[in-house]
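Inspection log for the structure reproduced underneath, given as structure tokens.
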């Protein structure tokens, strides 16, 4: 019996209509749909995006828990458990489509899963389907050209190193910061110091039904959702 193929499907930033035709086709063709699952059993963001395209009665739905912790032993155990669960279907010749918001090869849960599967079962065929990322969705919703001509563009995770953040801003024409929620006030202070607050925009869950486009001058002290992007266009 052949080994099934593991597909990493990028399903876009939030709007179900932004899924690609190819990702839609793989969802229809794959008998098993794997998705990140929250501990309390509620649907993950990626699952919500593709919900309208899936009839659970026709598919085997595989919810996988990926804990938000830095404890290496816990992470190793849970990731290995997830890889084994997926391989249980692949070894039966069933293709598995793993859905992930954005693009599967850009800051995605799928990247670590793919590497682990390649290590544990190098015979498993793995394919990815590109998806629209949140930074693409953000600049289009805001109507801000990300790059033109010879512009220099950066897309990086925001960190506590404000000197590094300053250097990135100084050396690029446009910057998209992801994971900005945890350092929001520090970033706003830096941008105010650089006289760039009026060039800054923040969007949460872009293109989805829960999208919020924030007034950047009223953001200090706010508790942003993890799925938030900050766009700085000089």
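In the numbering used here, the protein residues as written are 1 to 234. From the three backbone atoms N, C-alpha and C, an ideal C-beta is built for every residue, glycine too.
Start and end residues, alpha helix (DSSP H) containing residue i
i           : result
residue 168 : 162-170
residue 49  : 45-50
Residue j beta carbon less than 8 Å from that of residue i
i           : j           : result
residue 162 : residue 177 : no
residue 101 : residue 45  : yes
residue 9   : residue 96  : no
residue 174 : residue 147 : yes
residue 191 : residue 184 : no
Segment limits, beta strand (DSSP E) that includes residue i
i           : result
residue 33  : 32-36
residue 132 : Careful: residue 132 lies outside any beta strand (DSSP E) and carries neither H nor E.
residue 7   : 6-10
residue 23  : Element bounds for residue 23: not the beta strand (DSSP E) but the alpha helix (DSSP H), 21-29.
residue 155 : 153-157
residue 144 : Run containing residue 144: none; DSSP gives neither H nor E here.
residue 176 : 174-178
Spatial distance of residue i from residue j (CA atoms)
i           : j           : result
residue 63  : residue 13  : 20 Å
residue 226 : residue 113 : 21 Å
residue 195 : residue 31  : 53 Å
residue 132 : residue 90  : 27 Å
residue 98  : residue 193 : 43 Å
residue 92  : residue 4   : 7 Å
residue 79  : residue 37  : 13 Å
residue 135 : residue 229 : 7 Å
residue 214 : residue 160 : 22 Å
residue 207 : residue 144 : 15 Å
residue 34  : residue 170 : 41 Å
Residue i CB to nearest heavy atom of the ligand ZN below 7 Å
i          : result
residue 72 : Summarising the ligand content, the structure contains no ligands, and the ligand ZN is consequently not present.
Contained beta strand (DSSP E) runs [length at least 3] in the region 59-114, N- to C-terminal order: 60-64 and 96-100
Complete runs of the beta strand (DSSP E) confined to the region 187-229 [at least 3 residues]: 200-204
Segment contact, 8 Å Cβ cut-off, at least three pairs: the region 67-76 with the region 1-20: no
The region 208-225 touching the region 23-35, judged by at least three CB pairs closer than 8 Å: no
Segment contact flag, the region 75-89 with the region 115-126, C-beta cutoff 8 Å, min 3 pairs: yes
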